[in-house]
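Okay, so here's the structure we're looking at.
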Amino acid sequence: MNKLKLGIFGSNLDGGFTATTAEERHTLGWPTVVRVAKLSEQAGFELNVPLARWRGLGGVTNYCGTNYEGLAWAAGLGAVTETAKIFATIHVPVIHPIVAAKQMATADHISGGRFGLNLVCGWFAPEFAMFGSPMMSHDARYRYAGEWIDIVKMLWTREEEFDFEGEFFKIVKGQSQPKPLTKPHPPIMQAGQSETGARFAAKYADIAFQSVSEGEPIEDIRRRFADLRKLGREEFGREFEIWLSCWVICRPTQAEAEAFRDYVLEEKGDLAVLDSMPPNLVPRGDSPEARLARQKVLGGFGGVHLVGTPERIVDRLKEFSEAGADGIVLTFVNYEEGLETWMRDVAPLLVQAGLREG
Ligand SMILES: Cc1cc2nc3c(=O)[nH]c(=O)nc-3n(C[C@H](O)[C@H](O)[C@H](O)COP(=O)(O)O)c2cc1C
1065 MNKLKLGIFG SNLDGGFTAT TAEERHTLGW PTVVRVAKLS EQAGFELNVP
1115 LARWRGLGGV TNYCGTNYEG LAWAAGLGAV TETAKIFATI HVPVIHPIVA
1165 AKQMATADHI SGGRFGLNLV CGWFAPEFAM FGSPMMSHDA RYRYAGEWID
1215 IVKMLWTREE EFDFEGEFFK IVKGQSQPKP LTKPHPPIMQ AGQSETGARF
1265 AAKYADIAFQ SVSEGEPIED IRRRFADLRK LGREEFGREF EIWLSCWVIC
1315 RPTQAEAEAF RDYVLEEKGD LAVLDSMPPN LVPRGDSPEA RLARQKVLGG
1365 FGGVHLVGTP ERIVDRLKEF SEAGADGIVL TFVNYEEGLE TWMRDVAPLL
1415 VQAGLREG
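Once you know that position 268 of the sequence shown is 1332 in this note's numbering, the rest is easy, because the numbers rise by one and skip nothing.
Here is the structure:
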């Protein structure tokens, strides 16, 4: 097993996680999504996960707005891939757990037992307004998600019928067949960062995503990861993996990598996206910190920037691994070029560093 696991994130989005008009950008189309998935399996990646978004984040590219729905995407990819776990990202407020449990079991059968669930509660009010119902409060969203996943897990694992009555759901003689192939059930991924979100992840997740801020000392990251694991162990008797998300530009020299980043995010950057973001995400001004914060919205949507030489990228990944990260999902300006470069220039160094087996 690889010490540091890898995944692909966001190939279901037109443009991926890069708000740019640069012609090199990822262009959505099913053949491209399949090529990216197959390339990532060739690179030995362990998983593939989409973003769930019902309405774009603005700008001329309508950042993240044109995308394939995660469950349909996962079912399709499950049929044409062979080794990686294929996750669907699901906004729990918009789909009933009985419908979702059966769809997910179906996707698990299609993939031969490689399905996973990335459970998200949602945070972007305009996309929920579109459904005609206001977004619930933050804590209510997580209480709702708790009932939702409890019901899904019962549907996935119980042979006998069950009744359920909670704050949000009433289930009468609930049952679902067939069960997923994956036992005890498909893995659950969760990305809550708040105290409530972290408790939810500690209680339910097999993979907990953690955000890392630029410049956050590695000691602080290590402590955060350790605290989250302790919460899982002590409160819920559970162990889980911790993963991060990174936006990657790899070039032979640091200067080339940074020049490509500036071309993609500034010269060709979809700067109008910044105007539609909550002001706390987009600091104004000319300081290097403010510039970087803006670049992190337009590239990777908050993920760590791995921009540099293969050696520098591997050094950073080694630091994350030593701090306790079990895996990283990667996003690229262009997933095909990014994966080919990764396989050629980064993968051998990961083996040398003892992070991957090859
Ligand atoms: C790696 C990663 C992937 C995420 N994917 C989605 C997504 O697909 N859709 C979505 O609405 N939110 C997504 N989120 C946001 C989280 O679900 C969550 O709302 C956010 O991290 C804030 O945490 P909180 O809910 O505890 O406040 C993602 C977050 C991270 C870090």
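For every residue, glycine included, the Cβ atom is placed at its ideal position computed from N, Cα and C.
Since we're looking at a predicted model, the values are computed, not measured.
query, result
"Reduced DSSP secondary structure (H/G/I, E/B, other) of K1332", "coil"
"Rounded separation between P1161 and R1089 - CA only", "35 Å"
"Same chain, Cβ closer than 7 Å to A1387, neighbours up to 5 away in sequence not counted", "I1282, I1285, R1286 and F1289"
"Three-pair Cβ contact test at 8 Å for the region 1177-1191 versus the region 1242-1251", "yes"
"For H1202, the first and last residue of its enclosing alpha helix (DSSP H)", "H1202 to T1221"
"Buried versus exposed call for W1311 [16 or more other C-beta atoms within 10 Å across all chains shown]", "buried"
"Test item: CB-CB of K1166 and S1240 under 7 Å", "yes"
"Residue burial classification, K1069 (beta-carbon count within 10 angstroms, cutoff 16)", "buried"
"Which of helix, strand or coil DSSP assigns to L1308", "strand"
"Distance cut-off 6 Å: G1256 Cβ against heavy atoms of ligand 1", "yes"
"Distance, C1128 Cα to I1072 Cα", "16 Å"
"Inter-residue Cα distance where the pair is Q1254 and C1185", "9 Å"
"Paired residues, beta bridge with H1369 - DSSP", "W1311"
"Short Cβ contact (7 Å threshold) for F1233 with E1211", "yes"
"Start-to-end residues for the alpha helix (DSSP H) that takes in G1471", "Only positions 1065 to 1422 of the chain appear in this structure, which leaves residue 1471 out of reach."
"Residues of its chain near I1306, where Cβ-Cβ distance is below 7 Å and the 5 sequence neighbours each way are ignored", "A1272, Q1274, F1289, L1292, G1388, A1389 and D1390"
"Contact under 7 Å by Cβ, V1371 with R1325", "yes"
"V1100 beta carbon less than 7 Å from that of N1182", "no"
"Every unbroken beta strand (DSSP E) within the region 1152-1197, with a cutoff of 3 residues, ordered by chain", "1179-1184"
"Beta-carbon proximity of A1193 to T1153, cut-off 7 Å", "no"
"L1115: CB within 6 Å of a non-hydrogen atom of ligand 1", "yes"
"Closest by C-alpha distance to R1315, when choosing among G1108, D1409, P1190 and L1295", "D1409"
"The region 1203-1221 in contact with the region 1134-1146 per 3-pair CB rule at 8 Å", "no"
"Reference F1396, options D1078, N1066 and S1385, closest by Cα", "D1078"
"W1187 CB to nearest heavy atom of ligand 1 below 6 Å", "yes"
"Candidates V1156, A1139 and E1404, of which the one nearest M1199 by Cα", "V1156"
"Close-in-space but distant-in-sequence residues of the same chain around S1075 (CB under 6 Å, 5 per side omitted)", "V1097, V1100 and Y1399"
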